[in-house]
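A.B. asks:
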Amino acid sequence: MKPDDQPKSFEASLEALEQIVQQLENGDLPLEKSLELFEDGIRLSRQCQERLSQAERRIETLLRDNQGRPVASSFAEAESITSDAE
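At position 63 of the sequence shown (counting the first as 1) the number is 56 in the numbering used here, and the numbers step up by one without a gap.
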């Protein structure tokens, strides 16, 4: 990460990554600029993946039963539970 970069939200990082992909797909950049964008894209991709992994770990922690065992259910079951609660 560059020293002057502030951590971005997941959404902002993803948007920046999409812009980099578009610029690289155009193919009209000098080699050095393409390499710089590629490096930035890899950095953003890793940040996004880490944030997704953190969110997944938080969800897994929240979905444990009272004995600490993971509780798994299909999406349809979870959806019906939330609609019943309303």
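The beta-carbon is built from N, C-alpha and C at its ideal position, and this holds for glycine as well.
1. Could you give the first and the last residue of the continuous alpha helix (DSSP H) run that contains Gly34?
2. Around the C-beta of Leu37, are 16 or more other C-beta atoms found within 10 angstroms, so that it is buried, or is it exposed?
3. So for Gly20, helix, strand or coil by DSSP?
4. Output the distance between the C-alpha atoms of Leu30 and Leu17, rounded to the nearest integer angstrom.
5. In angstroms with no decimal places, state the Cα-to-Cα distance between Ala9 and Gly61.
6. Shortest alpha-carbon distance to Asp33 belongs to which of Asn59, Ile13, Ile52?
C.D. replies: In short, the structure shows the following:
1. If you number the sequence shown from 1, residue 34 lands on position 41. Counting along the chain, the alpha helix (DSSP H) containing Gly34 begins and ends at 24 to 55.
2. Walking along the sequence shown from the start, residue 37 turns up at place 44. With 16 or more Cβ atoms within 10 Å of its Cβ, Leu37 is classed as buried.
3. On the sequence shown, position 27 is the one that residue 20 refers to. Coil, per DSSP.
4. Here residue 30 corresponds to residue number 37 of the sequence shown, with the count starting at 1. Here residue 17 corresponds to residue number 24 of the sequence shown, with the count starting at 1. Spanning the two alpha carbons is a distance of roughly 8 angstroms.
5. Along the sequence shown, one-based indexing puts residue 9 at 16. Along the sequence shown, one-based indexing puts residue 61 at 68. So the alpha carbons of these two residues sit roughly 38 angstroms apart.
6. Taking the sequence shown and counting its residues from 1, one reaches residue 33 at position 40. Out of Asn59, Ile13, Ile52, Ile13 has the C-alpha closest to the C-alpha of Asp33.
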